[in-house]
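Worksheet: one structure, shown below.
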Amino acid sequence: MNDEIRNGLVNTLKLEINDDDLDFKQGDLISIEMQCIDKKVSMFYTALALMNDSGPGGGTTPNNPPNNISNGALGIFSAHTVENKSTVIP
């Protein structure tokens, strides 16, 4: 997890929202929150997403996601930066 791909350049990746229930109209305000997380936090959330509603019967074999908390506790501790961007649909 580093910036080798972007190497300090502005992120111009397309943001896709796959939700047919959203009805955006001209003049609507859209706000996006971007979080800069480390590799362990990313691995935790990726593991949770993979465990959710997948496999036979709608689930996977019980398993604990990777975490960064000791003494047998489950979860993730994260201190990260946040950047918010907003725009009005023209």
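According to the numbering used here, the sequence shown holds residues -7 to 82 in order. Just so you know, even glycine gets a beta-carbon here, dropped at the ideal spot from N, CA and C.
Check this for me: beta carbons of residue i and residue j, under 7 Å apart or not?
| i | j | result |
| --- | --- | --- |
| D20 | I81 | yes |
| I22 | T79 | yes |
| P57 | A39 | yes |
| K77 | I24 | yes |
| M26 | E(-4) | no |
Taking the beta carbon of residue i as the centre, do at least 16 other beta carbons fall within 10 Å, making it buried, or is it exposed?
| i | result |
| --- | --- |
| F69 | exposed |
| V33 | buried |
| F36 | buried |
Is residue i helix, strand or coil when you go by DSSP?
| i | result |
| --- | --- |
| F77 | Strictly speaking, residue 77 in this sequence is Lys, with Phe absent from that position. It is a strand residue. |
| L40 | helix |
| K17 | coil |
| K32 | helix |
Which residues mark the beginning and the end of the beta strand (DSSP E) in which residue i is found?
| i | result |
| --- | --- |
| L21 | L21 to C28 |
Assuming the contact rule is C-beta atoms closer than 8 Å, residue i and residue j should be a hit. Round their C-beta distance to whole Å, please.
| i | j | result |
| --- | --- | --- |
| Q43 | N59 | The sequence given here places Met at residue 43; Gln does not occur at that position. Not confirmed; about 13 Å, so no contact. |
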